[in-house]
Amino acid sequence: MGAMNLILFLTLLLIIVLILIIISIRTLTIQRKFKKQANSVTKEQSNKYINYDSEEPINILTGAIKYKTISYKDPSLTDWKEFDKFHDYLKESFPLTFEKLSYPCDSPNNLIFKFEGQDKSVKPLLLIAHQDVVPANEAGWDTPPFEGIKKDGYLYGRGSFDVKILVISILQSFEELLRKNEKPARTVFSAFGCDEESSGDNGATKISEQFEKEGINFEMVLDEGGAVAEDYIKGIDKPITAIGIAEKGYLDLKLTRVKNGGHSSTPNFPTAMGEIASAIEKIEKNQMKPRITKPIKDLIHNLGLSAPFGMGVLFLNQGLTSPIIKKAFSGGQTTSALIRTTITPTMMSGSNAANIIAKESWALLNCRVLPGDSDEVIIKYIKKIINNDNIKITVVNYKEPSPISTINTEAWNTLKNTIKRTFPDSITTSFLMMGGTDAKHYHNVCDNIYRFEPCQMNQSEIAKMHNDNERMSFDNIHNATKFYLDLITTF
Ligand SMILES: [Zn+2]
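Going by the numbering used here, the letters in the sequence shown line up with residues 289 to 779, in that order.
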């Protein structure tokens, strides 16, 4: 090594050491400041309903499970009488709310309520949830899915988690305040759509159109979405409250190849099926490039605040470390989906006999679209990757990603503080939803749209959603009611 090279090497080394020292000090300072702020939460900031322990919401939710309010993509398959019966049950369970707060709804099977607030000069709050549930395969369940079985501190049944719990807790908090002759701080609307699980076309879409027609604009819309998640990430012992501020889009693409078929005893390769298979292989091996969107940038930063030092350095200095983060996240199934549009083959076809070469072969790609991407961007990318002009690409179904709600708003701060009062140990952060919710239909009437289910649970509980043995703990049914009571009376 020549003298010049040695000087260059030492200078470089010095720069690297200096950068490491600077980001280490920066990390420690940010983490210390966060700890100090977290400790300054005082007693008077606790939820005034924190000791609310009425058995009512548990019992009413147990009854609500019995109504098979299953929605199907084809609405003619849905048993709408079940919704009528469900409404009668709610009316019987919340008589004051139905008598005093029912609001005319111009679409069938949906419900709207309006609770006049003390301050009429400010924009109202809208709490939403859906009445419908997904079907249940009884064979996989330990208890019948539509009976509502209480066992070991849990309520088992379809909808106990997703999301009859929210319908019941919102109505319970209204009923409770009416009984006490109390009023919300600002006017509160609530709306319960009938078909979130299948499309939202006849539920949330119609309700939001009605609000728009009536000229009602909301300060905040709160829907299901994130939760207070325990054991979210290894090394961080506090629960993470993830609030969805955007959701990925949904795209189904069909790849089709048509060419000569023939008898399988005298094949001519590649076959249409072979070309489709080869395209799928290329797509699986070349997923779209990672990109850190605003909600995920916030998530990483907020996790960094409570992370052990090494992870803190990585997460709190994204300006320098984002290439490493992208690489690390790309290695995990869930984390990879947070930072890219995913393209997943889910269906494909061949011929209908063992000895016939298919004339036409097709495959379906289900894509979950990151905010900032679109159907056009994805099709262009797939064309480049498969590099086969004979394969036709058509859009079967497309719902674009939702806009991203901002978080430096009064609504966000109120929500964050209310969560802190009900779940004092948790760290709140924004988040990008992988799946869809009704919330995306309300951007015509509100800018501040957040997605959060006020329940605390670990990953294995979260995995029970849409699954066999769906359940909700009694503690969480209480948590949800406490949370809404607090939010309604303070926001
Ligand atoms: Zn849901």
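Backbone N, C-alpha and C fix where the C-beta goes; we use that ideal spot for every residue, glycine too.
Distance check for Thr778 and Lys408, CA to CA, integer angstroms please.
For this step, residue 408 is matched to residue 120 along the sequence shown. For this step, residue 778 is matched to residue 490 along the sequence shown. Using only the alpha carbons, I get a separation of about 14 Å.
Listed by chain order, which residues have C-beta atoms less than 6 Å from any heavy atom of ligand 1?
Those residues are His418, Asp450, Val451, Glu484, Glu512, given in chain order.
Within its chain, find whatever has a CB closer than 7 Å to the CB of Thr493; leave out the 5 residues flanking it on each side and keep chain order.
Within the sequence shown, residue 493 is the residue found at index 205, counting from 1. The answer, listed in chain order, is His729.
Please list the terminal residues of the continuous beta strand (DSSP E) segment that includes Leu543.
Along the sequence shown, read from residue 1 onward, the residue named residue 543 stands at position 255. Element bounds for Leu543: 537-546.
Out of curiosity, what's the CA-to-CA distance linking Asp394 and Arg739?
Taking the sequence shown and counting its residues from 1, one reaches residue 394 at position 106. Taking the sequence shown and counting its residues from 1, one reaches residue 739 at position 451. So the alpha carbons of these two residues sit roughly 25 Å apart.
Leaving aside the five residues before and after Phe401 along the sequence, list all residues of the same chain whose C-beta is less than 6 Å from its C-beta, in chain order.
By 1-based counting over the sequence shown, the position of residue 401 is 113. These residues qualify, in order along the chain: Leu389, Tyr391, Ser478.
Are the CB atoms of Lys671 and Gly537 nearer to each other than 7 Å?
Here residue 671 refers to the residue found at position 383 of the sequence shown. Here residue 537 refers to the residue found at position 249 of the sequence shown. No, Cβ-Cβ distance for Lys671 and Gly537 is not below 7 Å.
Note down the Cα distance separating Thr317 from Tyr340, rounded to an integer number of angstroms.
Taking the first residue of the sequence shown as position 1, residue 317 is located at position 29. Taking the first residue of the sequence shown as position 1, residue 340 is located at position 52. In a straight line, the C-alpha of Thr317 is about 39 Å away from that of Tyr340.
Could you have a look at Tyr377 and say whether DSSP puts it in helix, strand or coil?
To locate residue 377, count along the sequence shown from 1; it is residue 89. Tyr377 falls in the helix class under three-state DSSP.
My understanding is that Thr725 touches Gly428, with C-beta atoms under 8 Å, so please give their C-beta distance in whole angstroms.
Along the sequence shown, one-based indexing puts residue 725 at 437. Along the sequence shown, one-based indexing puts residue 428 at 140. Their Cβ separation, rounded to whole angstroms, is 25 Å, which puts Thr725 and Gly428 out of contact at 8 Å.
Would you grab the beta carbon distance between Pro583 and Ile692 for me? Rounded to a whole angstrom, and I think it's under 8 Å.
Start at 1 with the first residue of the sequence shown, and residue 583 comes out as number 295. Start at 1 with the first residue of the sequence shown, and residue 692 comes out as number 404. Contact flag correct, Cβ pair sits at about 6 Å.
From the DSSP secondary-structure annotation, give me the bridge partner or partners of Lys438.
Locating residue 438 in the sequence shown gives position 150, counting from the first residue. For Lys438, which the question treats as bridged, DSSP gives the partners Leu443.
Since Pro633 is in the beta strand (DSSP E), which residue starts that stretch and which ends it?
Here the question's residue 633 lines up with position 345 in the sequence shown. Segment 630-636, the beta strand (DSSP E) holding Pro633.
By the DSSP assignment, the alpha helix (DSSP H) with Ser566 in it spans what residues?
Mapped onto the sequence shown, residue 566 falls at position 278. Looking at the DSSP string, the run of the alpha helix (DSSP H) that includes Ser566 is 560-573.
I need the straight-line Cα distance from Gly447 to Thr475, nearest angstrom please.
Working through the sequence shown from its first residue, we reach residue 447 at position 159. Working through the sequence shown from its first residue, we reach residue 475 at position 187. Distance between the alpha carbons of Gly447 and Thr475 is about 28 Å.
Which residue's Cα is closest to the Cα of Pro363: Asp483, Val657, Ile667?
Counted from its first residue, the sequence shown places residue 363 at position 75. Ranking Asp483, Val657, Ile667 by Cα distance to Pro363 puts Asp483 first.
Are the CB atoms of Tyr772 and Ser381 nearer to each other than 7 Å?
Start at 1 with the first residue of the sequence shown, and residue 772 comes out as number 484. Start at 1 with the first residue of the sequence shown, and residue 381 comes out as number 93. In this structure, Ser381 does not lie closer than 7 Å to Tyr772 by Cβ.
Whose C-beta lies closer than 8 Å to the C-beta of Ser461 among residues of the same chain, with five residues either side of it excluded?
Here residue 461 refers to the residue found at position 173 when the sequence shown is read from its first residue. Closer than 8 Å at Cβ, skipping near neighbours: Thr769, Tyr772, Leu773, Ile776.
Does Ile338 come out as helix, strand or coil in the three-state DSSP assignment?
For the purposes of this step, residue 338 is identified with residue 50 of the sequence shown, where counting begins at 1. In the structure shown, Ile338 sits in coil (DSSP, three-state: anything other than H, G, I, E or B).
Closest to Asn764 by CA distance: which of Leu296, Ile338, Ala326 is it?
Here residue 764 refers to the residue found at position 476 when the sequence shown is read from its first residue. It is Ile338.
Cutting at 6 Å between CB atoms, please list the residues of its own chain near Lys547, excluding the five before and the five after it.
Residue 547 sits at position 259 when you count from the first residue of the sequence shown. Answer for Lys547: Ala560, listed in chain order.
Do Ile416 and Asp511 have their C-beta atoms within less than 7 Å of each other?
Mapped onto the sequence shown, residue 416 falls at position 128. Mapped onto the sequence shown, residue 511 falls at position 223. A contact, by the Cβ cut-off of 7 Å.
Measure the alpha-carbon distance for Thr702 versus Ile303 and round it to whole angstroms.
For this step, residue 702 is matched to residue 414 along the sequence shown. For this step, residue 303 is matched to residue 15 along the sequence shown. Approximately 43 Å between the Cα atoms of the pair.
For my contact list, Met760 and Cys734 are in at a C-beta cut-off of 8 Å; report their separation, rounded to the angstrom.
For the purposes of this step, residue 760 is identified with residue 472 of the sequence shown, where counting begins at 1. For the purposes of this step, residue 734 is identified with residue 446 of the sequence shown, where counting begins at 1. With a Cβ gap of about 27 Å, Met760 and Cys734 do not count as contacting.
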